[in-house]
Amino acid sequence: MSTSVHPPAPESPSRRVSAASSIVDSSTSTKTRDWGSILSTLVVVASCLTVLAALHPELLLKSTTASGGDMGAHVWFPAYLRDHLLGQFRVAGWAPDWFAGFPAGQFYFPLPALAVVFLDLALPYNVAFKFVTVIGVVMMPAAAYAFGRGLRAPRPTPTLFSLATVLFLFFKGASGPGPNIQTIAFNQGIMGGTLRSTLAGEFSFSIAIALALVFLGAFASALDRRTRAWIPALLLAATVMSHIVVAIFAVVAALVIWATAKRPLKSFGLSAAIGGVGALLTAFWTLPLLATFGYTANMRYEKITDYWVYLFPREGSWVGPFPPFAWCLLSLAAIGAISGAVLRRRSTIAITVITVVFGFVFILWPELHAWNLRFLPFWYFGLGLLAACAVGEGVRALAEAAPRFIPSQQDAKFVTAVVMSSVLIAISVFTLARAFSTRGFLDFWAEWNFSGYEDTRSDATRAKAWPEFEALINEMKTLPPGRAIWEGGGSLDNYGTPLALELLPYFTKGRIQSVEGLYFESAATTPYHFMGVSPISGPSNASNPVRGLDYRHIEDFSLGVRWMQVMGENYYLAYSDAALAAAAADERLTLLATTKDTDGQEPKGWSIYRVSGSRL
């Protein structure tokens, strides 16, 4: 028996052409994906840079003390943490600098302050502080992109998320006619998350939102791929230690993502492990907070009940890249939610549920320490993401329809990529350009904050009265150590913020303590301080922020001096005519020094009194 080996049959030309075509198609597909990734990266980077450009980056590099709103008082805590607490391996501890003594860091979020201290190792303290205040808003567009990618939202939706985030950040509040429009705009301005809120001092909230978005993206990815579960656990812990309200959002949103996943029961153990590890990582701070929460002050914020006006605007228009922005946003959000349900797109369904849930949280949240206004940003942000989902579906539909009559698969893919890229570029340029051009007063506010207390530039939009403020600080440095209580008022904003004198401990290195401080809820003495300062302040100079208290007036000045003695307040600082006249007539007050006016505006210099019979 013989065997013969036959040579293989020659490959047919059609098969060779098919194989070559497959290789070319694969190569084209890879190049298309690469170009899509590059374009997405460019849009996300452009989004972040647009936000940064609105914050006067040249001023961020100046080593001046940040001012403006609450931000001008936040400067104190990271420095105190660095100088007095971290050396004892603590992030919280007793501080005499504010409120006649309070547990600093016990009831306020430590991570942003720790970040400032860390950057201070390589940068000037003032520059490090400014960097941390803006890092949340600058990185939020990238965080939203990471969130969309983690949810496996189809392209270009994650990229559109970054653009929607820019619109959210530049949102300044309601505008137009109406009896309550100014109140609504003010509340929207301090709700948290936006540039306006951040410049007002809510930078911890912004940092927490950025961290929460990355956490949610990593959480969804971990459930999908069942790997790297330590990343979302770490990010959850970072979110909790940046802002508790945002942590509530993160936990609820994670539950929604878990419930809408493909196999929620199968991933229950992994989800619980991520949450458990995240909670354990924060236990060193959260457990003491929970155990001593009863010692916090309740500001008694009045619950907002104009639900329809805040959730669905009916008067005026929201400030946006074009006048009918509010209704365009709401319409697109509705289209996005409906299309997500019809297409059974899990990413869109999850965002829809999260948005609706926090709309109801805003409505149902009772009057507690946390104001229901704090949950409104998640409704607005969710609407923006749903609108981005709608635009994403439209872009994909347009791109897929364009090459319908092109016979070559290779050419069809190329045309699809070109159409999608072109539309995405057009949307990106329009959105970023319009958002930046309509920033309005945000430009001045960023300049005011980051030019610092020390800014006396002649070319500044509005120069600060630093020489006058510095003279007061220097005078206080010459006095024996003690507590100071001071007359407030809006005119103190000429120094950089009405809270400027809260930095007396910072500028005098703890020699002079300010009875008034920033973290109202952190001190049990907060209500007593504001009741005590109202009768020693001139007309309209007392802020009276705690609702429901019996505030006195300048006519009760004698009682106010008695309260100064009871609270151990050694120095009284006054500037208004009414307060100066009352102080001159009270024998328990001794004039120690005066400082001169340097700018011709209120406060026109200060009178510093010693309070007799007052002991620490």
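Here the numbering used here is used: the first residue of the sequence shown is 85, the next is one more, and so on. Note that beta-carbon positions come from the ideal geometry of N, C-alpha and C, so glycine has one too.
Check, Outcome
"Bounding residues of the beta strand (DSSP E) (the contiguous stretch that carries I692)", "690-695"
"Counted within 10 angstroms of its Cβ, other Cβ atoms place K346 as buried (16 or more) or exposed", "exposed"
"Anticipated Cβ contact below 8 Å, L664 with S642, distance rounded", "So it is not a contact: roughly 15 Å between Cβ atoms."
"Neighbour-count burial assignment, A474, 16 or more Cβ in a 10 Å radius", "buried"
"Beta-carbon proximity of P589 to D181, cut-off 7 Å", "yes"
"Start and end residues, alpha helix (DSSP H) containing L676", "First-last for L676: 673-679, but that is the beta strand (DSSP E), not the alpha helix (DSSP H)."
"For V135 and V200, the rounded distance between their alpha carbons", "21 Å"
"Sequence-distant residues of its chain with Cβ nearer than 7 Å to A313 (five each side left out)", "A306, L354, A357, I358"
"Status (buried if at least 16 other CB within 10 Å, exposed otherwise) for W647", "buried"
"S351 versus R310 - alpha carbon distance", "8 Å"
"Proximal residues to F270 (C-beta, below 8 Å), its chain only, five neighbours per side dropped", "G257"
"Pairwise C-alpha distance: T217 and G277", "12 Å"
"Other residues of its chain near T592: CB distance less than 7 Å, five sequence neighbours each side excluded", "I557, M560, K561"
"Contiguous beta strand (DSSP E) assignments of at least 3 residues, all confined to the segment 291-379", "none"
"Span separating the alpha-carbon of V159 from that of L198", "13 Å"
"Contacts around A226, its chain only, beta-carbon distance under 6 Å, and the 5 residues preceding and following it disregarded", "V128, C132"
"Cβ-based burial, A104 [other Cβ within 10 Å; buried from 16]", "With a pLDDT of only 41 at A104, under 50, the local geometry of the prediction cannot be trusted, and no value is derived from it."
"Buried or exposed (CB count within 10 angstroms, at least 16 for buried), Q685", "exposed"
"Sheet register partners of L657 (DSSP bridge)", "W570, I692"
"Distance, D118 Cα to V89 Cα", "For V89, the predicted structure reports a pLDDT of 48, less than 50, and the residue's modelled location is therefore unreliable. A value from the coordinates is still provided. Spanning the two alpha carbons is a distance of roughly 47 Å."
"Cβ-based neighbour list, G120, same chain, cut-off 8 Å, excluding 5 preceding and 5 following", "R239, P240, A501, M504, S505"
"Inside the segment 176-253 only - alpha helix (DSSP H) runs reaching at least 4 residues", "195-203, 209-234, 241-253"
"Coil, strand or helix - S521 by DSSP", "helix"
"Whether T436 touches A418 by CB criterion (7 Å)", "no"
"The segment 284-293 / the segment 147-156 touching (three or more Cβ pairs under 8 Å)", "yes"
"Bridge partners - Q597, DSSP secondary structure assignment", "R567"
"Sequence-distant residues of the same chain with beta carbon closer than 6 Å to M615, five excluded per side", "L633"
"C-beta neighbour in chain B for F614, strict 7 Å", "The displayed structure is made up of one protein chain only, and chain B is not part of it."
"Limits of the unbroken alpha helix (DSSP H) element including R430", "430-448"
"Contacting residues, own chain, Cβ-Cβ under 8 Å from S606 (five flanking each side not counted)", "F183, F186, P187, A188, Q190, F191, Y192, T380, A381"
"Where V502 falls: helix, strand or coil (DSSP)", "helix"
"Through-space distance from G360 to S701, alpha-carbon basis", "In the structure as shown, the chain starts at 85 and stops at 700, and residue 701 therefore has no counterpart that could be examined."
"Sub-7 Å separation of S124 and T267 beta-carbons", "no"
"Residue closest to G301, alpha-carbon to alpha-carbon, out of R280, G232, G362", "G232"
"CB contact flag (R595, E653, <7 Å)", "no"
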